[in-house]
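S.K.: Residue numbers (the working numbering), protein chains in the order written: chain D, 3 to 322; chain A, 3 to 322; chain C, 856 to 1178; chain P, 856 to 1178. Note that the Cβ used here is the ideal one computed from N, Cα and C, for glycine as well.
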Amino acid sequence: MEITKAELLSFYETMVTIRTFEEKAAELFAAGKLPGFVHLYIGEEAVATGVCANLTDKDYITSTHRGHGHLIAKGGRIDLMMAELFGKATGYCKGKGGSMHIADVNLGILGANGIVGAGQPIAAGAAFACKYKKTDAVAVCFFGDGASNRGTFHESLNMASIFKLPVIFVCENNMYGISNYQKNHMNVSDISDRAAAYGIPGVTVDGNDVVAVYEAAAEAVDRARKGDGPSLIECKTWRHRGHFEGDPCIYKDPKEQEAWLKKDPVLSLEKKLTELKFATVVELEEIKAAVKEKIDSAVLFAQNSPDPDPDDVLTDVYAS
Amino acid sequence: MEITKAELLSFYETMVTIRTFEEKAAELFAAGKLPGFVHLYIGEEAVATGVCANLTDKDYITSTHRGHGHLIAKGGRIDLMMAELFGKATGYCKGKGGSMHIADVNLGILGANGIVGAGQPIAAGAAFACKYKKTDAVAVCFFGDGASNRGTFHESLNMASIFKLPVIFVCENNMYGISNYQKNHMNVSDISDRAAAYGIPGVTVDGNDVVAVYEAAAEAVDRARKGDGPSLIECKTWRHRGHFEGDPCIYKDPKEQEAWLKKDPVLSLEKKLTELKFATVVELEEIKAAVKEKIDSAVLFAQNSPDPDPDDVLTDVYAS
Amino acid sequence: MKQMTYAEALRDGIRLEMQRDPHVYLAGEDVGIFGGCFGQTAGLYQEFGPERIVDTPISETAIVGHAVGAAAAGLRPIVEIMFIDFMGVCMDEILNQAAKMRYMFGGKAKVPMVIRTPCGAGVSAAAQHSQSLEAFFTHIPGIKTVMPSTPADAKGLMCAAIRDDNPVIYIEHKMLLGLQGDVPEGEYVIPLGKADIKRKGSDVTIVAWSAMVHKALAAAEALAKEGISAEVLDPRTLNPLDKDSILNSVGKTERLVIVHEATRTGGFGGEIAAIVADEGFDLLNAPIKRVTAPDAPVPFSPVLERNYLPSEEKIIKAVKELF
Amino acid sequence: MKQMTYAEALRDGIRLEMQRDPHVYLAGEDVGIFGGCFGQTAGLYQEFGPERIVDTPISETAIVGHAVGAAAAGLRPIVEIMFIDFMGVCMDEILNQAAKMRYMFGGKAKVPMVIRTPCGAGVSAAAQHSQSLEAFFTHIPGIKTVMPSTPADAKGLMCAAIRDDNPVIYIEHKMLLGLQGDVPEGEYVIPLGKADIKRKGSDVTIVAWSAMVHKALAAAEALAKEGISAEVLDPRTLNPLDKDSILNSVGKTERLVIVHEATRTGGFGGEIAAIVADEGFDLLNAPIKRVTAPDAPVPFSPVLERNYLPSEEKIIKAVKELF
Ligand SMILES: Cc1ncc(C[n+]2csc(CCOP(=O)(O)OP(=O)(O)O)c2C)c(N)n1
Ligand SMILES: Cc1ncc(C[n+]2csc(CCOP(=O)(O)OP(=O)(O)O)c2C)c(N)n1
Ligand SMILES: [Mg+2]
Ligand SMILES: [Mg+2]
């Protein structure tokens, strides 16, 4: 499988969009403009991008507390996302959800989720629906290394295997569950090894290499669409920032942090694009500038949007 | 490791005690004398016997809904057990627990349990206490093939591995979770393969061969006592009867049932004992007769015991 | 009308809805060939096959969690949790996923799913197989809670629960599963949120649900002989709750006794008492009494279990205290 | 006496009990070096080391389940669940194991353990990180439930919870963690089950707990200016509940308003109202009012969250309805 120039450039645009969105969110949070918790995806952009490049609007994803990247990669609208971070009435959730609960069911985005590991059975269920309805749609579940220790992981992978569900479990192993280093929270180094417990394929890839992620996901998605059941893909990566904004990260070894910063997925892709002569530095700058403009206008949209009506507290509890 | 005559004969007595206890329970249940549900262990006696032969009163076990065998093998008193099955005031739980909740904390028996898979974290916790107190005691967790699909399995084995807890997870794979055949509830044939997901040793043994079970458990217990952490042992076995008394077992293939009845663990041990000339048929009959007498007198004890005082409903909710 | 048991009636409801809507399916442990622990689903596997009657592993978390995902993706799952006692295992999926998805997403998701589960004591199944836990669910906004007491209600409320676009906990009492009664044939839907006066009366209102309706009716019968006319009101669904019917009845009788099998403290009886002590305070002529299980786990021994459960006698005694 | 925050005070309680009894240890996610999500356990790791301050994987089921086993085997675990919202994940371990072990075993086991967990809204943490779920635990016989409102109570109740031989849910409100107050130094144990009158009054009793105590006090202050003397009663522990103190207060004031942050339906306010509507019916001179969150998940936007929460104004309004 040869990745085309167009594909690579589109990966780049997505990754830059995520990066810029997140940098903007960090800036806004630091300035006291965003309420609540904010968990940023900076450093992990290649995972969502490489995986979602294999999906269409008919496919489903479940996301996590660290969800902005997944949503953007799956086609979520950044203006509605940004407005939601501000808690505005125009946001994806009308201000009811915030960063941890953004969703777009029409795009197959079944939500960020504040409960670690909760997306795993939900993704299995969405995949169940895809299969039940005899479509070739699939579901992708994003989750962390920490989440792979939750019971939901075990039950969902087992259930998906038994029912041959078209679901891809994508573990974003950034080596930490908050402050808990992978070595201290599990005794295996490759989380993909856990796939064997369910009789499904498991593979580990460099999560900072968008092409590697894309290719592994392509294979798993293809398998799922053909009716051959679920897979587990572990993407080794690193979060550049604290667990949430405000976390001073005292638990991280600065040397390790430094080493990983050198493996920045966006910079690596820039290097690749220029080396392959798919783009000049100037062209890349143009892409970045265009993205920045989009993000800035999303912020403007959000800031100019009205707050929700306080009485809206009581709507949307039940469907009628 | 050579098993001695004395050891083998003691295994035999334990297994016959379990078998006879269970046959009596079946008879009493059919006669309408026992309230509630009764889940019998007939056919699986070699597992509890082989494992518990490695334990002392200082060690802990957690049991299941199918718990009589574990309790007897760990030294539980059959008179108090039988009285509990009848719901009498003299029973292990003063009539409050019944078959599914018999315990003897002084003997390290942390209870049968009506929640499938609930014993797994409890056993890990008991092992945590053993280690914390710097004793060399261990904990054993018995559970079924069905229970190995619960999230508790995953979380407990992972936690036990990380903390190097002295706990042995003993999976009694009788190939069914109620009516659900193993092939339909998981896509691995050896449940011991799941140990790799936690970086701990896993082994599968013939669960109808008490010596094989004993030896595998001896190694795991030894490992645990030495501070080398947990293990998973899968014992392949078969329940001769329905899931609970009254279950007509329509889901079982009669041929498979027949084949397994031939592998009856009690009969196999009898054969071995006579072949090794450790006992004559007459001597074995004597053991059986003695056991039968003990069970009968336990039944008498139970039947002659008083019911609990109805007002006892309100005691024992809290420790004071 | 047809004579059916409560279990047959709820199954009839499932069957009709499955025939009507191909998006409805049933999943759970041993719901297929085995037909459910109390035979509730017997025959459905034969009729609908393994794609729509799905045996699952022992994985309650994944059972309920998968239903949330399937519902959000357009299906209408019915899942069985074998005993209500096991709902703790999948509580996060109920509390934080099923119940909140719609709200958190700003109204942009629909989670139509039913969790069927048997509750109740009476068969010496002891502390982990006998509970009445409805109060957990009534404290979760976003969830509806249904507790039928008769075969007809079991059918009509099952159909309504399946058609509802929200997560519904449908609680079937294990002591009622064999109860016979007249059940309308064919389509029969009882709207959620409508109480039923199971017996008319003028001196005291007894609010009771699920199995307790029958104990309340027996008590009312006995009380009638002593000249006390008790009205027995069955809310049938606790959420939505038909508050108006309760207040109307108390307006007439001026006295209220609430009966539930759940343990007393924090039971749903407290909520009903609180509503009436606020909105119906001026209607009341006497204290509000609750007849419930005591604050203890359910004991095993029949002798203890009998004393544990609310009874006709305890209801009669509570009613008489009001006169 | 020493000035401390609520978080420092509860930590002081943990520290003292850990110094006193080597069987006490603390386990949970990120309780070590990280010091807890809100800094509650900061410094304990340095003082007691990794054997007694134990970082766990993200496995709430195993965290609580292991505590049950460790407690039954002779230790006295304190475990942290990072947000009360996650208690659904480990509900079976609480409901069917911790709470029932002693009873099911006929009184022959002891399960001394504390589950610490922060509750409450106010920081735009949205629906899955802001709940007040105490009513779940008050409906589980075998569990005790503690909800301190001040630094001193936080310490005294923490020590009592750790010394108690039963499973105790210790709920710390996240908006109170930074609250300063006078705290007794050294050993300080407040017996579970003793309410505290946080303000004396004669015209109306306001029962409130946790963060709501402070809103009730503010309302009482404002009401005093209008000539209404409100008594603010903080039960401090919901189970055991100091029923007598509540009835005594209502006996004096003849009016009752209950304030809690949890959603209304099925909240513990219903239980208190029910008790008073039964045992204190003759004392009452007016309906019993509840001021609570509405029956909805907690919204994210500050504008919505503010309207969602009970406030001084809402309490004042409810009180005035009684006159
Ligand atoms: C069930 C549950 N437990 C704990 C938390 C608190 N928490 C939020 S994120 C997080 C760490 C998750 O680690 P991981 O899965 O590796 O994802 P990452 O944050 O590294 O992306 C924790 C413990 C939670 N939200 N839900
Ligand atoms: C959490 C939970 N789910 C379901 C049940 C109902 N149940 C009781 S025993 C059982 C089957 C258990 O299978 P397995 O673990 O293989 O043990 P076995 O009965 O074969 O000994 C089931 C589903 C339960 N008690 N607890
Ligand atoms: Mg991580
Ligand atoms: Mg089995």
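1) Does the count of Cβ pairs from the segment 70 to 90 of chain D and the segment 234 to 249 of chain D closer than 8 Å reach three?
2) On the CB-based measure, 16 or more other CB atoms within 10 Å of its CB, does glycine 1033 of chain P come out buried or exposed?
3) Just the C-alpha distance for phenylalanine 1236 of chain C and phenylalanine 1155 of chain C, rounded to the nearest angstrom, thanks.
4) Return yes when at least one heavy atom of ligand 3 lies under 7 Å from the C-beta of tyrosine 178 of chain D, else no.
5) For a contact meaning CB atoms closer than 7 Å, what does tyrosine 253 of chain D contact in chain P?
6) Can at least three beta-carbon pairs, one atom from the segment 154 to 170 of chain A and one from the segment 149 to 161 of chain D, be found at a separation below 8 Å?
7) Would you say threonine 916 of chain P touches ligand 1, meaning its beta carbon is less than 7 Å from a heavy atom?
8) In chain order, what are the residue ranges of uninterrupted beta strand (DSSP E) at least 3 long that sit wholly in the segment 77 to 162 of chain A?
9) Indicate whether valine 215 of chain A and isoleucine 5 of chain A have their beta-carbon atoms separated by less than 8 Å.
10) Going by DSSP in three states, lysine 1053 of chain P sits in which element: helix, strand or coil?
11) Please state if the CB of serine 299 of chain D and the CB of threonine 92 of chain D are separated by a distance shorter than 8 Å.
12) Give the interface partners of glutamate 295 of chain A over in chain P, defined as CB-CB distance under 7 Å, in chain order.
13) Hey, would you say asparagine 186 of chain A sits closer than 8 Å to isoleucine 202 of chain D, going by beta carbons?
14) Measure from the alpha carbon of cysteine 173 of chain A to the alpha carbon of each residue in A/Gly97, A/Ala218 and A/Gln305, then state which is nearest.
15) Could you check whether the segment 1159 to 1167 of chain C touches the segment 1170 to 1177 of chain P, counting it as contact only if at least three pairs of C-beta atoms, one from each stretch, sit closer than 8 Å?
16) Can you tell me the Cα-Cα spacing of arginine 1002 of chain C and phenylalanine 992 of chain P, whole angstroms?
17) Measure the alpha-carbon distance for aspartate 311 of chain D versus glycine 997 of chain C and round it to whole angstroms.
18) Between isoleucine 124 of chain A and chain D, is there a C-beta pair that is closer than 8 Å?
19) Quick check: threonine 19 of chain D and valine 293 of chain D, are their CB atoms within less than 8 Å of each other?
20) Excluding the five sequence neighbours on either side, which residues of its own chain have a C-beta within less than 7 Å of the C-beta of leucine 271 of chain A, listed in chain order?
21) Compute the distance between the beta-carbons of valine 319 of chain A and alanine 990 of chain C, then report whether it is under 8 Å.
22) Write down the C-beta distance between glutamine 919 of chain P and cysteine 945 of chain P rounded to the nearest angstrom, noting that I regard them as a contact closer than 8 Å.
23) Using the C-alpha atoms, what's the distance from valine 1068 of chain P back to glutamate 863 of chain P?
24) Should arginine 866 of chain P go down as buried or exposed, given a rule of 16 or more other Cβ atoms within 10 Å for buried?
25) Quick check: what's the CA-CA separation for glutamate 25 of chain D versus alanine 48 of chain D?
26) Answer yes or no: does any C-beta atom of chain D fall closer than 8 Å to that of isoleucine 1170 of chain P?
27) Would you kindly work out how many angstroms separate the C-alpha atoms of valine 183 of chain D and serine 1100 of chain P, rounded to a whole number?
28) If you run the structure through DSSP and keep just helix, strand and coil, what is threonine 22 of chain A?
29) Judging by CA-CA distance, which residue of A/His103, A/Glu29 and A/Ala126 is the nearest neighbour of glycine 961 of chain P?
30) Locate the alpha helix (DSSP H) running through proline 256 of chain D, then write down its first and last residues.
31) Name the residue from A/Ala33, A/Met84 and A/Tyr43 whose alpha carbon lies nearest to the alpha carbon of lysine 296 of chain A.
32) Is the Cβ of aspartate 916 of chain C closer than 8 Å to any Cβ of chain D?
33) Indicate, with yes or no, if ligand 3 has a heavy atom lying under 7 Å from the CB of aspartate 147 of chain D.
34) In whole angstroms, what separates the C-alpha of leucine 36 of chain A from that of cysteine 95 of chain D?
35) Pairs of beta-carbons, one from the segment 871 to 881 of chain P and one from the segment 1107 to 1120 of chain C, closer than 8 Å: are there three or more?
36) By alpha-carbon positions, which one of C/Val1059, C/Lys1053 and C/Ser1057 ends up nearest to alanine 1066 of chain C?
M.R.: Taking the geometry as given:
1) no
2) exposed
3) The first residue shown for chain C is 856 and the last is 1178, placing residue 1236 of chain C beyond what the model contains.
4) yes
5) Ile888 and Phe889
6) yes
7) no
8) 141 to 146
9) no
10) strand
11) no
12) Here the premise fails: no neighbours, minimum Cβ distance about 27 Å.
13) no
14) A/Ala218
15) no
16) The residue you asked about is not arginine; residue 1002 of chain C is methionine in the sequence shown. About 22 Å.
17) 20 Å
18) no
19) yes
20) Phe13, Tyr14, Met17 and Val212
21) no
22) Checking the sequence, you will find valine at residue 919 of chain P rather than glutamine. Sure, about 4 Å apart at Cβ, within 8 Å.
23) 20 Å
24) buried
25) 16 Å
26) no
27) Checking the displayed sequence, the identity of residue 183 of chain D turns out to be tyrosine instead of valine. Their Cα atoms are separated by approximately 49 Å.
28) helix
29) A/His103
30) 256 to 263
31) A/Met84
32) It should be pointed out that residue 916 of chain C corresponds to threonine in this sequence rather than to aspartate. Yes, its Cβ sits closer than 8 Å to a Cβ of chain D.
33) yes
34) 56 Å
35) no
36) C/Lys1053
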